[in-house]
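This note's numbering puts the last residue of the sequence shown at 338; the count rises by one with no breaks.
Written below as structure tokens is the structure these notes are about.
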Amino acid sequence: MTTVAVLGTGDAGSAMARRLLELGFAVHAWNRTESRARPLESEGALVFSTAVEAARAAEVVIITVFDTPAVLDVLAQVAPALEANAVVLQSATVGAAVTEVVAAGTRLGVAIIDAPFLGNPGPARRGELTFMVAGAREHKRAAAPVLEALASNVVDVADRPGGASLRIPASPTGTWPRSARYSPHRTPMITPTGFDGIHHLKIFVTDLSAELAWWEAVVGARRDPQLDHHTPDGGVFAHIVHIPGVEAPMELRLNPDAAERTAALDPVTFAVGTRDDLDSLADRLDSLDIEHSPVLRGLLGWLLVARSPSGLSVRFYTRQSHDWDPTAADSASPWLTT
Numbered sequence: 001m002t003t004v005a006v007l008g009t010g011d012a013g014s015a016m017a018r019r020l021l022e023l024g025f026a027v028h029a030w031n032r033t034e035s036r037a038r039p040l041e042s043e044g045a046l047v048f049s050t051a052v053e054a055a056r057a058a059e060v061v062i063i064t065v066f067d068t069p070a071v072l073d074v075l076a077q078v079a080p081a082l083e084a085n086a087v088v089l090q091s092a093t094v095g096a097a098v099t100e101v102v103a104a105g106t107r108l109g110v111a112i113i114d115a116p117f118l119g120n121p122g123p124a125r126r127g128e129l130t131f132m133v134a135g136a137r138e139h140k141r142a143a144a145p146v147l148e149a150l151a152s153n154v155v156d157v158a159d160r161p162g163g164a165s166l167r168i169p170a171s172p173t174g175t176w177p178r179s180a181r182y183s184p185h186r187t188p189m190i191t192p193t194g195f196d197g198i199h200h201l202k203i204f205v206t207d208l209s210a211e212l213a214w215w216e217a218v219v220g221a222r223r224d225p226q227l228d229h230h231t232p233d234g235g236v237f238a239h240i241v242h243i244p245g246v247e248a249p250m251e252l253r254l255n256p257d258a259a260e261r262t263a264a265l266d267p268v269t270f271a272v273g274t275r276d277d278l279d280s281l282a283d284r285l286d287s288l289d290i291e292h293s294p295v296l297r298g299l300l301g302w303l304l305v306a307r308s309p310s311g312l313s314v315r316f317y318t319r320q321s322h323d324w325d326p327t328a329a330d331s332a333s334p335w336l337t338t
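So, in structure tokens, the structure goes:
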């Protein structure tokens with residue numbers, strides 16, 4: 001059983017700890033405000049009063065504290081107590097300050113992986129984060145079981161620590177970058193509660209029958225007739241469909257004016273497993289005589305774009321990733337720009 005220390009049990013850190021416990025990892029937890037970590041105790045974690053105690057005997061240590069000074073402080077505290085083969089995942093979003101963190105880790109003799117993540121506590125709890133990782137290959141191999149437990153996508157940025165955090169703006173761990181947050185001077189900051197995923201998706205269509213047939217053929221959508229939406233005179237103006245592998249249902253709503261205004265937009269991107277899966281999808285679209293792009297290279301993986309009868313761009317993106325190289329992405333493809 002792999003022992004993982006989670007240092008920093010805010011919303012994201014706690015969600016990671018719960019995910020790891022659920023999958024059978026032994027979890028040591030610590031938080032500067034101890035009361036934030038204590039609830040994990042009833043779920044099987046060992047909660048410690050100090051970061052040093054939590055990190056001792058752990059094979060993988062995840063640092064998810066608030067900012068760069070906190071990372072440096074925790075790193076300095078735990079370094080002397082780490083096992084000889086322990087690997088530290090630096091998962092706070094520190095941006096360009098990662099160079100300072102890596103230098104400190106090197107000076108302290110710590111096997112460190114720069115591993116910031118994209119996602120909030122919901123995906124963390126379900127193991128659906130995206131991790132950007134940079135570090136020595138042997139260290140990444142040692143941390144692989146933990147990364148695979150927490151992420152649906154692991155992007156290998158570099159074989160030395162430091163390059164991953166440069167891809168993500170510095171912000172408090174587990175939150176959106178500061179530039180994307182509301183200003184308290186413009187509107188009150190409200191902490192939302194009770195969110196439970198996406199209820200349903202909605203797209204506007206020009207021809208309800210043609211659009212339903214397209215979604216049935218391309219993604220195996222199944223219409224739920226009892227949820228059809230009707231006008232007062234009994235006409236149908238919307239279908240609700242369920243797509244295999246997608247939890248939220250989707251509404252196809254007849255509204256030609258709105259469909260025309262949103263033509264060529266790509267409001268939803270469906271995930272596929274691998275590049276081979278995407279090639280198989282392209283072959284199926286060809287057999288159905290459906291217009292689509294070639295397989296394109298995106299920033300993280302490969303994608304394909306298909307046009308629905310209403311002119312909507314429907315994207316399919318692989319969870320499988322490739323080497324990080326923004327210059328190699330097909331960003332100029334007309335399928336991605338129009």
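Quick reminder that beta carbons are idealized off the backbone N, C-alpha and C, glycines included.
From a predicted model like this one, the values you see are computed outputs, not experimental measurements.
Cβ atoms of residue j and residue i: under 7 Å apart, would you say?
i	j	result
Asn31	Thr9	yes
His28	Leu46	yes
Leu265	Val205	no
Val88	Asp114	no
Ala51	Val78	yes
Pro244	Gly220	yes
His339	Leu252	The requested residue 339 is not part of the displayed model; the chain covers only 1 to 338.
Ala248	Leu201	yes
Leu118	Leu150	no
Ala55	Ala5	yes
Thr269	Arg315	yes
Ala124	Ala210	no
Ile62	Ser91	yes
Pro225	Ser165	no
Ala332	Arg297	no
Gly44	Leu7	no
Val339	Gly163	Any question about residue 339 goes unanswered here, given that the chain covers just 1 to 338.
Phe131	Leu147	yes
Trp324	Ser293	no
Val101	Val133	no
Ala306	Leu285	yes
Within 10 angstroms of the Cβ of residue i, are there 16 or more other Cβ atoms? Answer buried if so, exposed if not.
i	result
Pro161	buried
Asn376	The chain is shown from 1 up to 338; residue 376 falls before or after that span and cannot be answered.
His230	exposed
Val236	exposed
Leu288	exposed
Pro309	buried
Trp176	Only weak support is given to the placement of Trp176: the predicted model assigns it a pLDDT of 35, under 50, and the value that follows is read from those uncertain coordinates. Its Cβ having fewer than 16 others within 10 Å, Trp176 is exposed.
Leu234	Inspection of the sequence shows that residue 234 is occupied by Gly rather than by Leu. It counts as exposed.
Thr274	exposed
Arg18	buried
Thr93	buried
Ile198	exposed
Ser42	exposed
Ala96	exposed
Thr68	buried
Ser313	buried
Gly105	buried
Ala12	buried
Ala84	exposed
Less than 8 Å between the CB atoms is what I'm expecting for residue i and residue j, so what's the real figure, rounded?
i	j	result
Thr3	Pro145	Their Cβ separation, rounded to whole angstroms, is 12 Å, which puts Thr3 and Pro145 out of contact at 8 Å.
Glu34	Ser49	6 Å
Ala136	Asp159	6 Å
Ile203	Pro121	About 28 Å; that fails the 8 Å criterion.
Arg223	Leu212	6 Å
Val218	Ile290	7 Å
### Secondary structure, beta strand (DSSP E): runs of 3+ residues fully inside the segment 30 to 62
Within the segment 30 to 62, no complete beta strand (DSSP E) run reaches 3 residues.
### Message
Give the list of continuous alpha helix (DSSP H) stretches no shorter than 4 residues that lie fully inside the segment 243 to 306.
### Response
Entirely contained in the segment 243 to 306, the alpha helix (DSSP H) runs reaching 4 residues are, in chain order, 256 to 261 and 275 to 287.
### Query
Do the segment 298 to 308 and the segment 320 to 332 meet, that is, are 3 or more Cβ pairs less than 8 Å apart?
Yes, since at least three Cβ pairs between the segment 298 to 308 and the segment 320 to 332 fall closer than 8 Å, the two stretches touch.
### Query
Counting only runs that start and end within the segment 192 to 233, where is the beta strand (DSSP E) found for 3 or more residues in a row?
If only uninterrupted beta strand (DSSP E) runs of at least 3 residues are considered, those enclosed by the segment 192 to 233 are 201 to 205.
### Message
My parser needs the alpha helix (DSSP H) runs of 4 or more residues fully inside the segment 107 to 137; what are they?
### Response
Complete alpha helix (DSSP H) runs here, min 4: 121 to 126.
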